[in-house]
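Structure first, commentary second.
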Amino acid sequence: MKDVLVGSILSAMSTGLGAAIILFISGTITHRWRDTMLAFTAGIMMAASLMGLIPEALALGGFIPLCIGVFLGVVTLTFLEKNIPHIDLEHSRQGIEFDEKAMLIISAITLHNIPEGLSVGVSYASATGDTGNLIAFAIGLQNAPEGLLVALFLVNQKISKFKAFVIATLTGAIEIVTSLLGYSLTSFVQNLVPYGLSFAAGAMLFIIYKELIPESHGDGNERTSTYSFIIGLLFMILLLGI
23 MKDVLVGSIL
33 SAMSTGLGAA
43 IILFISGTIT
53 HRWRDTMLAF
63 TAGIMMAASL
73 MGLIPEALAL
83 GGFIPLCIGV
93 FLGVVTLTFL
103 EKNIPHIDLE
113 HSRQGIEFDE
123 KAMLIISAIT
133 LHNIPEGLSV
143 GVSYASATGD
153 TGNLIAFAIG
163 LQNAPEGLLV
173 ALFLVNQKIS
183 KFKAFVIATL
193 TGAIEIVTSL
203 LGYSLTSFVQ
213 NLVPYGLSFA
223 AGAMLFIIYK
233 ELIPESHGDG
243 NERTSTYSFI
253 IGLLFMILLL
263 GI
C-alpha cells in the first residue's frame, strides 16, 4: 500500500509540476514545443502499454481476459469523451462565458484523470512490482504537459498565475483516490488483476491514438512530433530493460 500511495501521489502531482512552469514564463509556449511534449508522452505510454501492461495481462489471464479488459478500457474512455465536451485549450475563445468555460475544462480534465489513476493502481497490484512504478512514471509524464496547458488556459481567462497553478494541480488529485481504489479492488480479488491491467492498457491506447497523437499533429509539426514519439518509445523501452 505504501508503494501505490507514493507512486500515485508522484504521478498525480506531476500535473502540478507541469503547471508550475506557468509561474516562471511571461508569454506562452510555442505550438512546436507543445506538440513535441505531447508526442513524447505518447511514445512513453505506448511502450508502457505494449511492453508492460499487455504482456503481463496475457501471462496472468490469457487472451480472452486481455480482450475484455482492453475493450472495457476503450468503452469507458469513449463514454467519457462523448459525455464530457472536449475543448481546444489553445484555440477555443468564443461561445462560452468565462465561469462556465473555466468550470467545464476543469471538470473535463478532472474526470479524464479517473482512468489514469485506475491504471496506476491496478499496475501496483500486479505480481511484478516494477510494473506499477513504470506505469506511474508514464502517467506522470503525460500529466506534466497536461497541467501546463490547463494552467495556460486559465491564465488566458484572466485568472492569476498562482491560482491557475493551484487549480491545475488539484485536477490531478483525483488520481490518488482512483489509484487506491484500483489497487484495493485488484488486490482483494486477484482474478481481477489481468482485467485491470488490460483495462489500463485499453485506456492508455485510447488516450494515445485519440488525443495525444492527433493533438501533436494539428499545427504543422508532424515530422518533429513523429521523431519525438519514437524517442519517447525508445526511452521507455530502455527503462523497461533496466
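The sequence shown: position 109 = 131 (the working numbering), numbered continuously. Glycine residues also receive a C-beta, built at the ideal position from the N, C-alpha and C atoms.
How big is the Cα-Cα spacing for residue i and residue j?
i    : j    : result
K180 : M258 : 38 Å
G91  : N155 : 21 Å
A225 : L214 : 16 Å
E197 : E103 : 18 Å
G74  : E138 : 15 Å
V172 : S238 : 16 Å
I230 : L192 : 23 Å
L207 : K183 : 38 Å
L234 : A160 : 13 Å
G29  : V142 : 8 Å
L262 : L203 : 26 Å
D152 : V26  : 11 Å
D265 : A195 : Because the chain in this structure spans residues 23 to 264, residue 265 falls outside the shown range and cannot be described.
S148 : R54  : 37 Å
G240 : P216 : 35 Å
F228 : A158 : 17 Å
L32  : Y146 : 14 Å
L72  : A64  : 12 Å
S201 : I136 : 8 Å
E168 : L176 : 13 Å
V199 : T246 : 36 Å
L170 : F93  : 30 Å
T98  : K24  : 28 Å
F101 : A70  : 23 Å
T132 : N105 : 13 Å
A34  : N178 : 24 Å
A223 : L140 : 11 Å
Use the C-beta contact count for residue i: other C-beta atoms within 10 angstroms, 16 or more gives buried, fewer gives exposed.
i    : result
T210 : The sequence given here places Phe at residue 210; Thr does not occur at that position. Exposed.
L82  : buried
L255 : buried
P270 : As shown, the chain starts at 23 and ends at 264. That puts residue 270 outside it, with no answer to give.
L260 : exposed
G95  : buried
F46  : exposed
T52  : exposed
E119 : Below a pLDDT of 50, predicted positions are generally treated as unreliable, and E119, at 42, falls in that range; no measurement from the model is reported.
G117 : Legend: pLDDT at G117 = 40, less than 50; position of this residue unreliable, value from coordinates given subsequently. That one is exposed.
Which residue's Cα is closest to the Cα of residue i: the options?
i    : options               : result
I44  : G74, I253, A166, L60  : A166
A79  : K232, F221, E138      : F221
P77  : L261, L219, S247      : L219
F62  : L261, L262, T248      : T248
I66  : V96, L163, F175, N178 : L163
L174 : I31, S33, A42         : A42
N243 : K24, A34, I31, M59    : M59
K232 : R245, M68, L140       : M68
V144 : A70, T100, A34, Y205  : Y205
Let me check you understand the geometry: is the CB of residue i closer than 8 Å to at least one non-hydrogen atom of the ligand MG?
i   : result
G38 : The ligand content of the structure shown is nil, which means the ligand MG is not present either.
Task: Three or more C-beta pairs below 8 Å linking the segment 26–38 and the segment 185–193 - done: yes
Task: Three-pair Cβ contact test at 8 Å for the segment 243–255 versus the segment 87–102 - done: no
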